[in-house]
Structure formats: structure tokens, C-alpha cells
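A.B. asks: In the numbering used here, the protein residues as written are 2 to 64. Have a look at this one.
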Amino acid sequence: MAAGSSDKESEPPFQGGAQPVPEHPPEMPKAGRSVMQVIVIAIGVLTVLAGLLWILVPALGAR
2 MAAGSSDKES EPPFQGGAQP VPEHPPEMPK AGRSVMQVIV IAIGVLTVLA
52 GLLWILVPAL GAR
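Structure follows, in C-alpha cells:
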């Protein structure tokens, strides 16, 4: 008798079959989360624009 065989003997036999999955409607994001997403995207866009200006303005002024 193996060391782990007693665990397998104490388990009930597998009762197969599909279990119903309860359906939950997707949760709507709260208003505060939507506002924060807009703010984060706006900060990201402004950061990219500032980086481009940081590179392009000295390059254009050096001509």
C-alpha cells in the first residue's frame, strides 16, 4: 500500500456532468473610474506631446 493511497480511497467517486454556470451581467464601471481613465489618457497624451516638443524644438532651432 502506497503512502498516498488512503486519500484516494476516502474520496467519493467522481460524479461527472456539466455544472450550470450562473450568469452575471457585466459590471458597469463607476463614474469615478471613467473620469480617472480619461485623466490618465489625457496625461499620457500630453506627456508624449511634451516629449516630441522636447526633441523637435531644439532640433528645428539648430538649423
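Note that CB positions come from ideal geometry on N, CA and C, so glycine has one too.
Alpha carbon to alpha carbon, how far is A32 from I42? Give it in angstroms, no decimals.
C.D. replies: Here the question's residue 42 lines up with position 41 in the sequence shown. Here the question's residue 32 lines up with position 31 in the sequence shown. Each residue's alpha carbon lies about 16 angstroms from the other.
A.B. asks: Quick check: what's the CA-CA separation for Q16 versus P23?
C.D. replies: By one-based count along the sequence shown, residue 16 stands at place 15. By one-based count along the sequence shown, residue 23 stands at place 22. The straight-line gap from Cα to Cα measures roughly 20 angstroms.
A.B. asks: In angstroms with no decimal places, state the Cα-to-Cα distance between I40 and V46.
C.D. replies: Stepping through the sequence shown from its first residue, residue 40 is reached at position 39. Stepping through the sequence shown from its first residue, residue 46 is reached at position 45. Whole-angstrom Cα-Cα distance: 10 angstroms.
A.B. asks: Excluding the 5 residues preceding and the 5 following G18 in the sequence, name in chain order all residues of the same chain whose CB lies nearer than 7 angstroms to its CB.
C.D. replies: Numbered from 1 along the sequence shown, position 17 holds the residue referred to as residue 18. Cβ neighbours of G18 beyond the five flanking positions: none.
A.B. asks: Do we get a CB-CB distance below 8 angstroms when we pair P30 with the residues of chain C?
C.D. replies: The chain inventory of the structure shown lacks chain C, comprising one protein chain alone.
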